[in-house]
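Trainee:
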Amino acid sequence: MRLATWNVNSIKVRLPQLLEWLATARPDVLCLQELKTEAAKFPRGELEAAGYGSVVSGQKTYNGVAILSRTPLDGVAFDIPGFADEQKRVIAATVQDVRVVCVYCPNGQAVGSDKYEYKLRWFAALGSYLAAELQKQSRLAVAGDFNVAPEDRDVHDPKAWEGQVHVSGPERAAWRALLALGLKDSFRLFEQPEKTFSWWDYRMMAFRRNAGLRIDHILLSEELARSCTSSTVDKAPRKLERPSDHAPAIAEFTSPR
DNA sequence: ATGGCTACGATCCGTAGA
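For this note's numbering, add 6 to where a residue sits in the first sequence, where the first one is 1.
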């Protein structure tokens, strides 16, 4: 199975690029974030015509997540159980024998802000949710925009970013708490090129300078990690006219015999 | 030098992203 995640920063603007990317990259499952639209306006028909079914949790203007799949999506679940939140950031579904959780983690704005406190509370709630999911499903994938660069090697200029939101100690501790549940960062299962990132600021010609962060991740349960054969970032869509500021990440794993 | 884009939904600027 080839599983991908992409923060498209508006499904309406990015639909042509998404259809093109689906045709070339051919993922079996794709987690989408930052749809910025209500579920009723999600382009279900166009994606269906491209061979993908979809489940969607949308809202106007902000957030919004979806899972696309070439094979049936079952057991759809929304949000984080027990965590009161208006923001549409989580959707889960089962594809074949894999439980897929698609996440759009909060940005956090600035260390110490209300949004930062919300981000940390949100991560704690996500951890409880994923711990429960792991009890039920040994084949679990959690893919999305985590808005955390786990280590300094995931940051183009660690000195400049030191202590800032996305790299601060409490955020990285929240990330490590997810790993402590038994989840693996699929990207780090393999030798990787240095300075591989998944997000680049629209300003300051950041993409041309490769001034980015690796904040989009695919976490795998131990059983899935054992059968994972690759995990990469596809920079190609970031090079197009009017791109998303994020690039897709893709992991591939084999099915059990 | 603390900005610099981009998208959205409201107007012709404010909010948010990261």
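The beta-carbon is built from N, C-alpha and C at its ideal position, and this holds for glycine as well.
If you reduce the DSSP assignment to three classes, tell me which class V61 lands in.
Mentor: Three-state DSSP puts V61 in a strand.
Trainee: Are three or more beta carbon pairs between the region 250–259 and the region 177–184 nearer than 8 Å?
Mentor: The answer is no - the region 177–184 does not touch the region 250–259, with fewer than three Cβ pairs under 8 Å.
Trainee: Pick from L21, P199, I86: whose alpha carbon is nearest that of L136?
Mentor: The shortest C-alpha separation from L136 is found at I86.
Trainee: Starting from the C-beta of Y208, find all residues in its chain whose C-beta is less than 8 Å away, skip the five residues before and the five after it, and write them out in chain order.
Mentor: D251, listed in sequence order.
Trainee: How would you write the range of the alpha helix (DSSP H) that G70 sits in, first residue to last?
Mentor: Note, G70: premise wrong, no alpha helix (DSSP H); not H, not E.
Trainee: What's the gap between the Cα of E139 and the Cα of Q65?
Mentor: Answer to the nearest angstrom: the Cα atoms are 25 Å apart.
Trainee: Reducing DSSP to helix, strand and coil, say where Q39 ends up.
Mentor: Residue state, collapsed to three classes: strand.
Trainee: DSSP on T235, reduced to helix/strand/coil?
Mentor: Reduced to three states, the DSSP call for T235 is strand.
Trainee: By a C-beta neighbour count over all protein chains shown, 10 Å radius and 16 as the cutoff for buried, is R105 buried or exposed?
Mentor: Buried, because 16 or more other Cβ atoms sit within 10 Å of the Cβ of R105.
Trainee: Identify every run of the alpha helix (DSSP H) within the region 88–147, keeping only runs that are complete inside it and at least 4 residues long; order them along the chain.
Mentor: For the region 88–147, whole alpha helix (DSSP H) runs of length 4 or above, ordered along the chain, are 120–142.
Trainee: For a minimum of 4 consecutive residues, which ranges assigned as the alpha helix (DSSP H) are wholly contained in the region 191–251?
Mentor: 228–232, all fully within the region 191–251.
Trainee: Under 8 Å by Cβ, that's how I've got T43 and G70 pegged, so tell me the actual separation to the nearest angstrom.
Mentor: Indeed they touch by this definition, with Cβ atoms about 6 Å apart.
Trainee: Need the endpoints of the beta strand (DSSP E) that I86 sits in, please.
Mentor: Segment: none, I86 is in no beta strand (DSSP E) and carries neither H nor E.
Trainee: So, using beta-carbon positions, are Q39 and D120 closer together than 7 Å?
Mentor: In this structure, D120 does not lie closer than 7 Å to Q39 by Cβ.
Trainee: Where does V3 sit, in a helix, a strand or coil, going by DSSP?
Mentor: Outside the displayed range of the chain (7 to 263) lies residue 3, so it cannot be described from this structure.
Trainee: Can A56 be considered in contact with the ligand MG, in the sense that its beta carbon sits closer than 6 Å to one or more heavy atoms?
Mentor: For the structure depicted, the ligand MG is absent and the ligand set is empty, with no information on it obtainable.
Trainee: Quick check on R32: does DSSP put it in helix, strand or coil?
Mentor: DSSP places R32 in coil when its eight states are reduced to three.
Trainee: Output needed for L53: all residues of its chain with C-beta closer than 7 Å, excluding positions within five of it in sequence on either side, in chain order.
Mentor: So the list reads S60, L74, once near-sequence residues are dropped.
Trainee: Does DSSP put D4 in a helix, in a strand, or in coil?
Mentor: The chain is shown from 7 up to 263; residue 4 falls before or after that span and cannot be answered.
Trainee: Where does the unbroken alpha helix (DSSP H) through R50 begin, and where does it stop?
Mentor: Per DSSP, R50 belongs to the alpha helix (DSSP H) from 50–55.
Trainee: In whole angstroms, what is the alpha-carbon distance linking A37 and A166?
Mentor: With the sequence shown as reference, residue 37 is identified as Cys, and Ala is not the correct amino acid for it. Roughly 31 Å between the two C-alpha positions.
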